[in-house]
Amino acid sequence: MSVFTYDPNPPRVSSPWLQAANVDVPSSSSRGHLAGHDETPGDGPVAHSLLSEYGVTRLPPEPQEGPVEYKLHLLLRPRRSYKFIPPTASAGSPKVTADPKFLQKRRVVGSATTGQTRQSRCEHLMTQLLWRLRQSSPYHASVAQQDPALPLLPEDSAIAEMPVTLGKLAPGLEESRGALYEIGVADDGALVGITKDELDQSIATLRWMAAHLGCVSKILRIVEVGQCEWTEETKPSGNGTVTLRDRLWVAEVFVQPHMNSQGNGSNGAEAGTMSTAYGGRVNDLSTTLGSTTADQLRVTLTGPTGSGKSTLLGTLSTGALDDGHGKSRLNSLKHRHEMASGLTSTVTQELVGYSDEVIVNYSNTNIESWIGIHDYTKNGRLVFISDSAGHPRFRRTTLRGLIGWSPHWTLLCLSTNPDDADSGTSGDYDTGSGTSTPLESGSGTNSAALAKAHLDFCVKLGLPLAIVLTKSDLLNKESLKRTLAPIWTAIKTAGRLPQLLQSKQKATENTRSVSPIDAAAIERVLTPMRESQDFRAVVPVILTSCVNGDGIGLIHALLKSLPLPPKPTSHDYIGKALNPEQPEALFHIEDRFKSPVSYATASLAESADSGHVLSGYLRFGKLSVGDPVVIGPFPSDEDGTGSGLDDDRTASPSHNSLSSSHPSSAELARIAARNAISASALKGEWHEARIETIRNLRLPVQTLDADQVGTIGLVILPPTQTKHGSLADGSDEVHLSTAALKPRRGMVVAVPSKHMLKSGLQLQAASGLTAFFEDVHIGRLSIGTPVTFYVASVRAQGRVAKVWSSTPVDDFGKMEATDDGVFDSFEHAEEDEKWGGPAAPPNHGYSVRLELLYGREWIELGSQVVILEGASKEGSVLDGFVGKVVEIMD
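Counted from 1, the sequence shown has number 595 at position 596 by numbering that gives the first Met the number 0; the numbering is strictly sequential.
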């Protein structure tokens, strides 16, 4: 996001009534100065006040920029002419005098609407309102539709009587803090005022315009500033005139996007204020946010280092071709050491949209951030692309991209350049012979072994897979045959069918649309896949080059058309009967950010809890702003392990002075023997919280749906408030401070089911698990072996407690054991050596019971689990065992 389109500190929405010099604001009127900070309006009508109560004679001049607008009126008709009569000054109050220069200006402005049509006048006023609302937003980039569509104008009298129906939120207002309108005030700050009927119509017009922009209005103050008189023709003859007199008023109205940031309770208060103040009826206060498309695809780029993953991501997201030296990947790298070494060490994510055949990325000069991609994509498809690390040193990041973010599809990138050695800025390995290919067998220290390890691991995970052969501009026919042969063999061995796709046209710089030829080629491959609903049956293989553009169009066509799995539910893994205590919604935490959850908490005192911003994906269910949730499991304060542990905690081998970040089994065993703490000896606590803000792929929304990626801002509620409020016996009981609670990766945010709330049950916090594996080689694990395992967003340390041969059955928790226990495996050691592996009956596997170390975790029954022993060879960094959780130990 450009520094020219994002202002981290936009102007505050502050009332000019509080900016005048030497002003002592009455307590009854003090509520207006926090209008821009989610203040809940009162339940009754706004009280009318006198100017003498404020001690001011005029307001500061109207600022040219900022979220404050002075308007004499918002009528769609010409104003009547009247004579201003200042109010009689009372003792002790300042004397208010009229400004002759302004009176002349007022008459000019009042007659200016005579030459304007009602339509042009309304367009001007609505554009002005939209501009002021955007002034308080930190995001200032261009949007797809700069000017809102103007609906059919009702009559002046009908505007005040008709119900207010909120429209879709106008683009660019997703993060607006609102705007203040001072009605009856001149540009120089003079308090001119308008009559009661004109004020009513002006406020009704403002409310009507705000509603069509997806906003609501709130009257903060109405102040009497004087009196006026005017003449009208007598009726019915019309020959004479009559002089009329009325009081003059000014009003302050706050307009803000309807985001319902305080939960469902604010709807009624807001509707009551709008209806009782000036007769407006709110017909629909449903949220105007959440307008993002539901077609959202998650894709992870994986592959060995030097295969061009980051370069491909940069070309897809920016539309710019590479110069052969990694130019297009610079925007994707986060850290300085990544730019210096060329090695990706963190998960980098980008967003690409597709609206019909149009590619929506940063090649559009009007798009500066993901908000713009949402805007231009409209009802098309959004593709969330994650770039994972390929170097063995960053195995943890590789697994996080493949497991933690739960991708729908995986794009395995393999380099076709025979001279592409993993050396220098790309790694520390050499392919040796110039005739080697990505999957040719070799020692565990070259890129061929890494490529094969990535392919085998993707197949083990059972992920839908597509293979991208990069750097195709360096290929010839002979090298192409040598490259494809081992890939074809590996894919067919896994029971899948590879299909080679080659583009017949080159992509140009800043390609804006998907070619019909490329789209047709992709459809021929994907149509049988959709019909069979088996997304793993076919593996598309695409030749690409980010230098000359070969195959880039095919990649875009593939991402645009890849099929999505059905929406997940809470009973996908095991069914309803086996897990009745499943929560209604479950959000896996992948990251935590140090920023306040909303503008309201940003302005609070430092001692107040500003909340936590957490990113991840919603496994199932639905989360909305204002929902009460639970978060955890946190370690108990009684355990003395601390409540503010980071993601990896003390369980991470990298925190124990290991020689590498992929430690050997011997090193893990040494750590476990010295520091192991069984999770069964520790407690897991859940804390109640409230969701304050939600973003779906950085777009502020009201609701996050199942299988969507987003960030949620929540505030953890104090235990005394959530459980008992205040203690009835008056005892001074000490509770864990919410400021010490730090959510970490691997925790979950959940909405408890109604049955759990009624029965008082809490979510489980597992201290161990049992998993079934079809890979019989896992039977070689011995009791006490320390391992690292991955389940969803959880990365934790465990210890093998038991291993036994078993038969998979349909009912979880009822694994049929074929022997008495793990000790029997030692009796068959000679037989294992004879056959080159552990012996197991046909169609049998092994069950492994793991004991968690250092803390409890949320683990869903039936979820996929990956066990790694550690790596002593670079080529075996992904040699893990993939199974399914069949039992949870509390």
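The beta carbon of each residue, even a glycine, is placed where N, CA and C say it ideally should be.
Remember, predicted model here, so these are calculated numbers, not experimental data.
- Residues of the same chain with a CB within less than 8 Å of the CB of Ala688, apart from the 5 flanking positions on each side, are Pro627, Val628, Val629, Ile630, Leu713, Val714, Ile715, Leu716 and Val748 in chain order.
- Taking C-beta atoms under 8 Å as the contact rule, Ile887 and Ile866 fail to qualify, at a distance of about 16 Å.
- Proximity to Ser175 across Pro256, Asp245 and Phe619 peaks at Pro256, based on C-alpha coordinates.
- Here DSSP, grouped into helix, strand and coil, assigns Gly325 to coil.
- For Gln127, no pairing in a beta bridge is given by DSSP.
- The shortest CA-to-CA distance from Asn475 to any of Val458, Arg495, Asn416 and Pro515 is the one to Asn416.
- Just so you know, the alpha carbons of Pro718 and Arg855 end up roughly 20 Å apart.
- The beta carbon of Thr242 sits closer than 7 Å to the beta carbons of Glu228 and Thr230 from its chain, once the five residues preceding and following it are set aside; these are given in chain order.
- The stretch 767–784 and the stretch 694–711 do not touch, with fewer than 3 CB-CB distances between them shorter than 8 Å.
- In this structure the stretch 515–535 does not touch the stretch 359–378; the number of beta carbon pairs closer than 8 Å is below three.
- In this chain, the alpha helix (DSSP H) harbouring Gln200 covers Lys195 to His211.
- Setting aside the 5 residues that flank it on each side, Pro742 is surrounded in the same chain by Ile588, Arg591, His611, Leu613 and Ile630, each with a C-beta closer than 7 Å to its C-beta; the list follows chain order.
- Under a 10 Å Cβ-count criterion, Gln701 is classified as buried, with 16 or more other Cβ atoms of the shown protein chains found around its own Cβ.
- The alpha-carbon separation between Gly879 and Pro66 amounts to approximately 57 Å.
- In the structure shown, Val12 falls within a coil segment according to DSSP collapsed to helix, strand and coil.
- With respect to Val249, Val222 sits close: the two C-beta atoms are nearer than 9 Å.
- For Arg79, DSSP records no beta bridge to any residue.
- In this structure, the alpha-carbon of Pro562 lies about 15 Å from that of Ala520.
- Rounded to the nearest whole angstrom, the C-alpha separation of Ser502 and Phe456 is 28 Å.
- Take Gln581, set aside five residues on each side of it, and the residues of its chain with a beta-carbon closer than 6 Å to its own are Ser569, in chain order.
- The beta carbon of Ser136 is closer than 8 Å to those of Pro9, Gly171, Leu172, Glu173, Glu174, Ser175 and Arg176 in its chain, skipping five residues each way along the sequence.
- Residue nearest to Leu449 within the set Gln348, Arg481, Pro303 and Val799 is Pro303 (criterion: CA-CA distance).
- Annotation for Trp487: the continuous alpha helix (DSSP H) segment containing it runs Lys476 to Thr492.
- The three-state reading of DSSP puts His257 in coil, since its state is none of H, G, I, E or B.
- Boundaries of the alpha helix (DSSP H) harbouring Arg529: Pro515 to Ser531, taken from the DSSP string.
- Rounded to the nearest whole angstrom, the CA to CA distance from Ser13 to Thr469 is 55 Å.
- In the structure shown, Lys753 falls within a helical segment according to DSSP collapsed to helix, strand and coil.
- Ranking Lys459, Val624, Ile676 and Lys753 by CA distance to the CA of Glu691 puts Val624 first.
- Inter-residue distance for Thr164 and His211 is about 8 Å (C-alpha atoms, whole angstroms).
- Taken through DSSP and simplified to helix, strand or coil, Gln63 comes out as coil.
- Looking at the DSSP output, Val708 sits in a beta bridge with Tyr616.
- Cβ-Cβ distances below 6 Å link Ile193 to His72 and Gly183 in the same chain, with the five nearest sequence neighbours on each side left out; the list follows chain order.
- DSSP places Ile782 outside both helix and strand once states are collapsed to three, so it counts as coil.
- Note: Asn695 is bridge-paired with Leu698 and Gly709 in the DSSP secondary-structure output.
- Listed in chain order, the non-local C-beta contacts of Ile782 below 8 Å within the same chain comprise Val799, Ala800, Lys801, Val802 and Val821, local neighbours out to five positions each way being set aside.
- If you look at Ile866, you'll find it isn't in any alpha helix (DSSP H); it sits in the beta strand (DSSP E) that goes Gln863 to Leu867.
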